[in-house]
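**Q** Sharing a structure here in structure tokens format.
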Amino acid sequence: PVCPFLEVCPSGWLYFQRKCYYLSEKEAAWNSSQSLCSEHNASLLVIDNRQELSFMMKITKQDPWIGLYKRNEEFFWVNGKALDNELFEVKGSGNCAYLESKGVSASGCYLTRKWVCS
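Residues 88 to 205 in this note's numbering are what the sequence shown spells out, letter by letter.
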């Protein structure tokens, strides 16, 4: 039997491992990026595993914000979970994290970057 095509993600979003992703065209500071994601009932990207990390590192350009920030010298995801240091190490000395082609770094949250929602 032929399976009908299912529209799993909103138009303009990508699908991978049962999650939908939105890569912004515009740039904004970290807090504004998180607000813009929540307008779509989403949040800045929370990376769950290595496969997701390598997929996102391949498809993202220009170092976008993700949903990871530093609180009391520790990194937390926007969903409240602490970062599993075995997943990756954050480079840089800032408080807000962004994705690079080689991993994750942190910079000042006021800087404007593209962002990824999920």
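C-beta: ideal position from N, C-alpha, C; glycine also. Bear in mind that the values here come from a model prediction, so they are computed numbers and not experimental data.
Can you look up F103 in the DSSP assignment and give me helix, strand or coil?
**A** strand
**Q** Taking its Cβ as the centre, do 16 or more other Cβ atoms sit within 10 Å of Q121, making it buried, or is it exposed?
**A** buried
**Q** Which whole-angstrom value is the C-beta distance of C107 and S205, which I expect to be below 8 Å?
**A** 7 Å
**Q** Around the Cβ of Y197, are there at least 16 other Cβ atoms within 10 angstroms (buried) or fewer (exposed)?
**A** exposed
**Q** Could you check if R200 belongs to the surroundings of the ligand FMN, using beta carbon to heavy atom distance under 8 Å?
**A** For the ligand FMN, the structure offers nothing, since it holds no ligand at all.
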